[in-house]
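Structure first, then comments.
Number of protein chains: 2
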Amino acid sequence: MDARTLCLGVLARGDASGYEIKKSFEEGPFAHIQAASFGSIYPALTKLSEDGLLACRNERQDKRPDKKVYSITPAGRDALAARLMKPPADDRLSSDFLFILFFAHILPPPLLAEFIDQRIGWYEASLERMAGCGAAARPPGERFVHGFGLAWYATAVRYLREHRDGLLAEVSAPSSLVAE
Amino acid sequence: MDARTLCLGVLARGDASGYEIKKSFEEGPFAHIQAASFGSIYPALTKLSEDGLLACRNERQDKRPDKKVYSITPAGRDALAARLMKPPADDRLSSDFLFILFFAHILPPPLLAEFIDQRIGWYEASLERMAGCGAAARPPGERFVHGFGLAWYATAVRYLREHRDGLLAEVSAPSSLVAE
DNA sequence: GGTTGCATGTAAATGGTTACATGATTGT
DNA sequence: ACAATCATGTAACCATTTACATGCAACC
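Keeping their order, the protein sequence lines are chains X and W. Quick note on numbering that gives the first Met the number 0: the first sequence kicks off at 0 and runs consecutively. Quick note on numbering that gives the first Met the number 0: the second sequence kicks off at 0 and runs consecutively.
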């Protein structure tokens, strides 16, 4: 999904600055489904403003740098709606972690254990973060997506916990020995 | 994960042509965790051969175009192992589908239903494809990753099936009406 | 006769990441 | 004193996607 549509989507929920948009992809409601960096957000915001899909106002703050707060325009809402009606691409899990685990047998077992434990921790932290901010998500679509995220993180934690020791044991004691 | 490492990984399991490598990311054992296109595979293969990490031989075929079959060299195995020991980046689900569902309330309900049903079908097809080719995956790492994929697809199917009707009902009958 | 599968490759265009540049404030 | 948070932005670099180019065989 391109950065422009992502920004339009965030702003359809309420006004925000570029910095705040980034946060919504890191810790906010989109954290588990999409990603965006400053380098893609700021140019996208500029372009969308030029095209009349966003309005921008400057907000002065005490003890903090100024903010550029963007609002979606009616034309912006139309553009977002049009984009959302195009059939979505396939869902894709991008996991360097699983690619590495695929070759578990060529890794030193202690490193393997470290990778798995760290990933369990990461999934648990994600789960807690999501569980905390969930109740207030009002529109049905948001609740649906939130629930999907919870289900997926919970599955990952459960799977990793249940199969961690088994994998480690198999890697340490090769099947060739077992078979003999 | 860069295309070069991906190719090294596939070739560590056995010789293959560029075309066959692509297939392993579409239907094969890596389908649910990584992706790669011809435009990234072929240049990667050329570069890896130049660097001495791959060997290449031409294979003539009856009634089929010639193949360039690549084999990983000892240097290639070393490079792969070195790369696999670097701590992996965060796992990321990239889902245009969920981004769209987030804004379910601004979509026409029939289109919403169509998107969900299609996605259920897609996840079920993926699940069947994976379930079929699973038993023969011998190394423990491969079995672990395969199991993870199955768990994740099954969770997705279950969640979508269980919440489909609820979402559709909520979107069609806004909560403001229910509250009155 | 059209589409799909096999098979390789290039070039242009797109688009994103990473690193840099700046600077005040708050917390350790 | 140092790191992190807040805040915006640019530019170089990197990589991938997409489209193009080619061609035979098999199947419907």
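Using N, Cα and C, we set each Cβ at its ideal position, and we do this for glycine too. All values reported here derive from a predicted model rather than from experimental measurement.
Query, Result
"Members of the stretch 54-82 of chain W that neighbour chain X once the beta carbon cut-off is set at 7 Å", "A80"
"Option nearest W:F96 by Cα separation, candidates X:A80, X:P86, X:K67", "X:P86"
"CB contact flag (W:L167, W:L79, <8 Å)", "no"
"Under 8 Å between C-beta atoms of X:A2 and W:G140", "no"
"Beta carbon proximity, W:F37 to chain X, threshold 8 Å", "no"
"Option nearest W:D65 by Cα separation, candidates W:S93, W:I105, W:A88, W:A15", "W:A15"
"7 Å CB neighbourhood of X:I20 in its chain, flanking five on each side removed", "C6, V9, I40"
"Inter-stretch contact (C-beta, 8 Å, three-pair minimum) for the stretch 118-134 of chain W and the stretch 144-152 of chain W", "yes"
"Cβ of W:A11 within 8 Å of any chain X Cβ", "yes"
"Beta strand (DSSP E) segment containing X:I71, residue limits", "66-71"
"7 Å Cβ cut-off: residues of chain X touching W:P108", "Simply none; closest approach about 11 Å."
"W:G165: CB within 7 Å of a non-hydrogen atom of the ligand FAD", "Inclusion of the ligand FAD in the displayed structure is not the case, the ligand content being empty and no account of it being possible."
"Closest residue to W:M0 among X:G13, X:R82, X:S94, X:P108 (Cα-Cα distance)", "X:S94"
"Between the CA atoms of W:S171 and W:P107 - distance to the nearest angstrom", "9 Å"
"Start-to-end residues for the beta strand (DSSP E) that takes in W:A54", "53-58"
"Spatial neighbours of X:R59 in its chain, beta-carbon cut-off 6 Å, leaving aside the 5 residues before and after", "D65"
"Secondary structure of W:S183, DSSP reduced to three states", "Given a span of 0 to 179 for chain W in the structure shown, any question on residue 183 of chain W remains unanswerable."
"Rounded C-alpha distance that separates X:R63 from W:D90", "33 Å"
"Assumed close pair X:L92, W:I99 - CB separation to whole angstroms, cut-off 8 Å", "At roughly 18 Å, the Cβ-Cβ gap does not stay under 8 Å, so X:L92 and W:I99 are not in contact."
"Identity of the residues DSSP links to X:A15 by a beta bridge", "X:Y69"
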